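Q: Structure provided below as structure tokens; questions to follow.
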Amino acid sequence: MFELQLDLKMYFCPPMDPDGSSIRLTRAVQLPFPPYSDLAIYSTAMETHPIPEGMPLKNVVWDIERQRFTAECTLEHHDLPFDYIGDEIASWVAIGWKLGSYLDDYGRDLEATQHFADDEESNISNGETATAENSTDCDPDEQMPTMLPRQRPKQFNKLFRALIRVICEDHRPNANAYAMWKSKRFFTEEQLKDNSSRPAQQFLTAKEEFSRMSFSEQFDWAARVCERLPRIERIVAEIGSETPDR
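In terms of our numbering, the sequence shown opens at residue 1164 and continues consecutively.
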């Protein structure tokens, strides 16, 4: 048998960019033959929603020192409501994956220690009390990211900040992450259409501000975010501890 340490790179789009930083989960797999790139593997025990096509392997490497293969596969979630993201990650952890990466063994991915900051940074005008969307037919799950932080559950705000950090890791910040940090809200492209509300305009203004920053300024901001905001692992662990046993 051949040991394969497999990383699952998970993206939630938006706000994440499938070409940017991902949320990584990892697990060990035993194969009866050496794996190779583009080989697809299938297991009902490894996927929350398995499909017959399986998961194609990328970047297959033989690690001589650890006597194992390493590889990656990718999963993209599109338009998943923010407050479902933590539960989705926790559901993969519940079937045997763990947050992290085979890269952790090489000391290149995650630092040994981190400082967590849970305090909200207020860039919101004191006079704002209303939600960004006033339509009564708006899906509550879609509306949640457009609300003021104090109008949202505390756990949601923790996840919101952790996602900003994920986007900024590996030195790939983007305008969405900056606007989320600056406005404490998130709007989809659809929600921004013909939206003249003050919160929506603040979000757009923040995106434009990011585009005017130099690369150095963008990376300096991303580095500060990674020092101050919580890791996704911490938030998912909290969610998992609150989830009833399956």
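We put the beta carbon where it would ideally sit given N, CA and C, even for glycine.
Note that the coordinates shown come from a computational prediction; the quantities given were computed from them, not determined experimentally.
How big is the Cα-Cα spacing for S1264 and I1258?
A: Spanning the two alpha carbons is a distance of roughly 16 angstroms.
Q: Within the same chain, show all residues whose beta-carbon is closer than 6 angstroms to that of I1395, passing over the 5 residues directly before and after it, in chain order.
A: Once the five neighbours on either side are set aside, the close Cβ partners of I1395 are I1186, A1325, V1329.
Q: Indicate the three-state DSSP secondary structure (helix, strand or coil) for F1319 in the structure shown.
A: Helix at F1319.
Q: Closest to T1351 by C-alpha separation, out of D1267, C1331, P1244, E1401, would be which residue?
A: The candidate whose alpha carbon is nearest that of T1351 is P1244.
Q: Within the continuous alpha helix (DSSP H) that includes R1229, where are the two ends?
A: Run containing R1229: none; DSSP gives neither H nor E here.
Q: Tell me, please, which residues DSSP counts as bridged to T1211.
A: Beta-bridge pairing links T1211 to no other residue.
Q: In the DSSP assignment, what residue or residues form a beta bridge with I1204?
A: According to DSSP, which records beta bridges pairwise, I1204 is partnered with M1218.
Q: Could you tell me whether the Cβ atoms of A1164 and L1194 are closer together than 8 angstroms?
A: Just to set this straight, residue 1164 is Met in the shown sequence, not Ala. In this structure, L1194 lies closer than 8 angstroms to M1164 by Cβ.
Q: The alpha helix (DSSP H) with R1313 in it runs from where to where?
A: Looking at the DSSP string, R1313 is not in any alpha helix (DSSP H), and its letter there is neither H nor E.
Q: Considering only C-alpha positions, which residue in the set F1323, D1182, I1402, R1229 is nearest to Q1168?
A: Out of F1323, D1182, I1402, R1229, R1229 has the C-alpha closest to the C-alpha of Q1168.
Q: On a Cα-Cα basis, can you pick out the residue from E1216, W1225, D1333, D1242 that is closest to E1390?
A: Ranking the options by Cα distance to E1390, first place goes to D1333.
Q: If you measure between the beta carbons of V1399 and G1183, is that distance less than 8 angstroms?
A: Result no, Cβ atoms of V1399 and G1183 do not sit closer than 8 angstroms.
Q: Measure the Cβ-Cβ separation of E1239 and C1176 and say whether it is below 8 angstroms.
A: Contact: yes.
Q: When DSSP builds the beta bridges, which residues end up paired with R1166?
A: Arg is not the amino acid found at residue 1166; the sequence shown has Glu there. Q1193, per the DSSP bridge assignment.
Q: Return the CA-CA distance between K1345 and M1173, expressed in angstroms with no decimal places.
A: Roughly 25 angstroms separates the two Cα atoms.
Q: If you measure between the beta carbons of A1342 and A1369, is that distance less than 8 angstroms?
A: The answer is yes: Cβ separation under 8 angstroms.
Q: Which residue or residues does DSSP assign as beta-bridge partners of S1175?
A: What sits at residue 1175 in the sequence shown is Phe, not Ser. For F1175, which the question treats as bridged, DSSP gives the partners H1240.
Q: Report the residue from P1308, P1393, R1335 whose alpha carbon sits nearest the alpha carbon of S1379.
A: The shortest C-alpha separation from S1379 is found at R1335.
Q: Pull up the DSSP beta-bridge partners for E1235, would you.
A: BP columns for E1235 point to D1170, K1221.
Q: What did DSSP end up calling R1391 once you bin it into helix, strand or coil?
A: Looking at R1391 - three-state DSSP - the assignment turns out to be helix.
Q: Who are the near neighbours of S1200 in its chain, counting only those whose CB is closer than 8 angstroms to its CB and skipping five residues on each side?
A: Cβ neighbours of S1200 beyond the five flanking positions: L1220, K1221, N1222, V1223, A1234.
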